[in-house]
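Peer 1: One structure is given below, represented as structure tokens, and several questions about it will come after.
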Amino acid sequence: MVRKRIVNILKKEWEVMFNNLNGILFVTLLPLLIVGQGFLYLWLAARFGQEVILTSQMGQTAIQHLVKVLPAMAALPAEAQLKVLLLNQFSFFLLLIPTMIAISFATFSIVDEKLSHSLEALLATPVRTWELLLGKALSGSLPAIVITWLCSLVFCLALLVWAGHT
Amino acid sequence: MEGLSLAVEPGEVLGFLGPNGSGKTTTIRMLAGIIAPTSGYAVVAGLRPDQQPERLHEVIGLLTESPGFYDRLSVRRNLEYFAGFYSGLDIPAQVEKYLRLIGLWERRGDRVGTLSKGMKQRLALARSLLHEPKVLFLDEPTAGLDPEAAHEVREMIKKLSQEGRTILLCTHNLAEAELLCHRIAVIRTRLLALDSAERLRQRLFHHQVTIRLETLSSPIVAAVEKLPFVQSFSHDENQLTTELDAPERNLPELIKCVVEAGGRIMEVSEKQHSLEDVYLTLVREGENIGS
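So this is what it looks like as structure tokens:
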């Protein structure tokens with residue numbers, strides 16, 4: 001029964017979210033922006049800041065540290081080493097995606113519940129408060145995890161294309 | 167709320183009357199196990215709302231003040247969602263049964279956001295009935311509805327009462343309370359009175375009888391004044407106004423007395439105090455006739 005109730009909540013949350021253009025934009029546009037922005041920074045840094053970074057003390061130290069972790073990097077030319085450094089730094093940005101999506105999902109869900117005054121009617125059903133909270137938490141975090149993996153995949157594919165190109 | 171103590175019989179419709187902020191909704195929320203009382207307890211359908219809320223929710227239905235639906239989901243999907251929390255329910259059959267009952271079956275695929283307020287209210291009533299509850303809490307079911315929609319909702323409540331369900335009805339509409347409720351509880355953070363509308367009226371007011379005469383002479387006034395059952399008495403040009411105890415027994419006596427004193431009666435009328443008079447008197451004076 002617990003599983004049935006939680007699945008019920010999950011299904012409804014997703015229906016409400018994906019029946020709403022704002023909701024769809026929020027969960028698709030945000031990850032795209034983060035990934036796109038990453039590539040923009042990488043391109044800008046490689047295009048205009050390459051020499052400055054490679055000649056700076058900070059840039060060299062960072063590359064040396066990275067080479068210690070990834071010894072195979074030592075064989076690459078300096079230009080490629082910079083790209084690896086930048087991409088390596090950027091992968092942390094991807095961690096923003098699950099957090100932001102889960103938070104925006106939860107915000108939408110709670111605001112919707114509040115606006116429609118449906119919470120009281122919901123609390124009068126046999127659903128337990130923890131089931132409701134778990135259902136809502138899962139409804140936000142499950143798509144967030146899936147979307148993060150998808151974004152990582154897009155990021156890696158773009159990387160392959162870019163790296164292959166150079 | 168303080169010191170609220172009352173018992174509701176199975177199958178009874180009890181009305182909660184009281185001004186805004188008097189604790190009607192709070193009481194219903196406590197009885198429905200949504201909030202816990204700071205002290206004291208209730209037993210609803212044999213269960214303690216503060217101890218077994220989940221089991222209680224299987225047997226009660228709550229109609230909240232605002233319908234509370236997900237506007238972007240369809241009429242049917244909304245009901246299916248709420249029905250999905252109850253155990254052992256044939257969801258499609260129950261949803262269809264109640265959508266047909268409230269006349270919204272044809273609109274089952276429409277988004278709830280496109281429904282009128284009256285339709286939403288009927289839908290909310292259907293939602294509270296999906297699991298066939300024994301006890302129903304209805305919080306202002308006709309608030310903000312046009313007269314026709316309010317009439318439809320009242321007819322539904324009447325039907326539910328005839329089916330033998332126990333109903334607690336919060337309302338501001340005194341005519342509605344009188345029409346639907348077996349007993350009325352007047353509350354203002356405490357219980358001011360609890361009885362049927364008719365008996366509350368009798369407790370608070372004497373029956374007022376007005377007799378219009380062809381001419382009013384002083385022997386008639388003198389004769390009526392002497393009658394022991396006349397509680398108060400006033401007269402003008404050709405009219406006597408009296409307040410009587412037990413009118414069914416004493417009204418014929420009064421008429422006989424007037425006729426014997428030479429009065430020629432044109433009209434006898436009895437003033438019925440409305441539930442509004444009862445309510446206003448109780449709420450203003452805070453008179454605790456229930457105790």
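Residue numbers (my numbering), protein chains in the order written: chain C, 1 to 166; chain B, 167 to 457.
C-beta atoms are modelled at their ideal positions from N, C-alpha and C, and glycine is treated no differently.
Relative to the alpha-carbon of G187/B, which residue among H223/B, I353/B, A173/B, H317/B has its alpha-carbon at the smallest distance?
Peer 2: I353/B
Peer 1: Determine the closest residue to G330/B out of L302/B, L379/B, L245/B, T193/B, with distance taken between C-alpha atoms.
Peer 2: Cα-wise, what sits closest to G330/B is L302/B.
Peer 1: Which class does G234/B belong to by DSSP, given the choice of helix, strand or coil?
Peer 2: coil
Peer 1: Confirm, please, whether the CB-CB distance from L281/B to L289/B is below 8 Å.
Peer 2: yes
Peer 1: Any beta carbon of chain B sitting closer than 8 Å to that of R5/C?
Peer 2: Among the residues facing chain B, R5/C is included, as its CB has a counterpart in that chain under 8 Å away.
Peer 1: Three-state secondary structure (DSSP) at R430/B?
Peer 2: DSSP, reduced to helix, strand and coil, places R430/B outside both helices and strands of the structure shown, so it counts as coil.
Peer 1: Just to make sure I have the definition right: I need the residues of chain B whose C-beta is within less than 9 Å of the C-beta of E15/C. Which are they?
Peer 2: Y236, R238, L239, R243, Y247
Peer 1: I need the DSSP call for T407/B, collapsed to helix, strand or coil.
Peer 2: strand
Peer 1: May I ask you to list the residues that DSSP assigns as paired with A359/B?
Peer 2: V352/B
Peer 1: Measure the Cβ-Cβ separation of R349/B and L183/B and say whether it is below 8 Å.
Peer 2: Taking 8 Å as the Cβ cut-off, R349/B and L183/B do not qualify as a contacting pair.
Peer 1: List, from N- to C-terminal side, the beta strand (DSSP E) runs of 3 residues or more that fit wholly inside the stretch 255-312 of chain B.
Peer 2: 301-305
Peer 1: Does Y207/B pass the burial test, meaning 16 or more other C-beta atoms within 10 Å, or should it be called exposed?
Peer 2: Exposed, by the Cβ-count rule.
Peer 1: Would you mind working out which of F93/C, K68/C, V35/C, L138/C sits nearest K12/C, comparing C-alpha positions?
Peer 2: L138/C
Peer 1: Would you mind stating whether L94/C and T148/C have Cβ atoms separated by less than 8 Å?
Peer 2: Yes, Cβ-Cβ distance for L94/C and T148/C is below 8 Å.
Peer 1: Assess contact between the stretch 363-377 of chain B and the stretch 406-416 of chain B, defined as three or more Cβ pairs (one per stretch) separated by less than 8 Å. Is contact present?
Peer 2: yes
Peer 1: Could you spell out the range, first to last residue, of the beta strand (DSSP E) harbouring D443/B?
Peer 2: Bounds of any beta strand (DSSP E) do not take in D443/B; it lies within the alpha helix (DSSP H) bounded by 441-451.
Peer 1: Check the C-beta distance from T337/B over to E168/B and give it rounded, since I have them as a contact under 8 Å.
Peer 2: Actually they are not in contact, since the Cβ atoms of T337/B and E168/B sit about 22 Å apart, beyond 8 Å.
Peer 1: Identify every residue that forms a DSSP beta bridge with F182/B.
Peer 2: C336/B, A351/B
Peer 1: Give the range of the beta strand (DSSP E) segment to which F399/B is assigned.
Peer 2: Where F399/B is concerned, the enclosing beta strand (DSSP E) stretches over 396-402.
Peer 1: How is S253/B classed by DSSP in three states: helix, strand or coil?
Peer 2: coil
Peer 1: Less than 8 Å between the beta carbons of F248/B and R195/B, yes or no?
Peer 2: Cβ atoms of F248/B and R195/B: not closer than 8 Å.
Peer 1: For the beta strand (DSSP E) that contains Q458/B, what are its first and last residues?
Peer 2: Nothing about residue 458/B can be read from this structure; chain B reaches only from 167 to 457.
Peer 1: Output, in sequence order along the chain, the residues in the stretch 123-136 of chain C whose CB is closer than 8 Å to any CB in chain B.
Peer 2: Listed by position along the chain: L123, A124, T125, P126, V127, R128.
Peer 1: Near K286/B, what residues of its chain come up, given a Cβ to Cβ distance below 6 Å and the 5 sequence neighbours on each side ignored?
Peer 2: P233
Peer 1: Below 8 Å on C-beta distance, what does N19/C contact in chain B?
Peer 2: R238, L239
Peer 1: Starting from the Cα of H373/B, find the closest Cα among I386/B, L357/B, Q397/B, S240/B and give me that residue.
Peer 2: Of the residues I386/B, L357/B, Q397/B, S240/B, the one whose Cα lies closest to the Cα of H373/B is Q397/B.
Peer 1: By the 8 Å beta-carbon criterion, what residues does the stretch 96-127 of chain C contribute toward chain B?
Peer 2: D112, S116, H117, S118, L119, E120, A121, L122, L123, A124, T125, P126, V127
Peer 1: Count the other CB atoms, across all protein chains shown, that sit within 10 Å of the CB of A412/B; report buried if there are 16 or more and exposed otherwise.
Peer 2: With fewer than 16 other Cβ atoms inside 10 Å of its own Cβ, A412/B counts as exposed.
Peer 1: Measuring CB atoms only, is the stretch 430-438 of chain B touching the stretch 389-396 of chain B, in the sense that at least three cross pairs come out at less than 8 Å?
Peer 2: no
Peer 1: Determine the contact status of V16/C and R238/B, defining contact as a CB-CB distance below 8 Å.
Peer 2: For V16/C and R238/B, yes; Cβs fall inside 8 Å.
Peer 1: N8/C versus chain B: which residues are under 7 Å apart at the beta carbon?
Peer 2: Y247, G250, F251
Peer 1: How many Å lie between E220/B and L132/C at the Cα?
Peer 2: 13 Å
Peer 1: Check each residue of the stretch 282-294 of chain B: if its Cβ is closer than 9 Å to any Cβ of chain C, include it; give the result in chain order.
Peer 2: Correct list: A290, R293, S294.
Peer 1: Who are the near neighbours of E453/B in its chain, counting only those whose CB is closer than 6 Å to its CB and skipping five residues on each side?
Peer 2: At E453/B the pLDDT is 48, less than 50, meaning the model places this residue with poor confidence; the figure from the coordinates comes in the next sentence. Around E453/B: no qualifying Cβ.
Peer 1: Beta carbon of E344/B, beta carbon of L441/B: below 8 Å?
Peer 2: yes
Peer 1: Let's see if you can read the secondary structure: which residues bound the alpha helix (DSSP H) around I6/C?
Peer 2: 2-18
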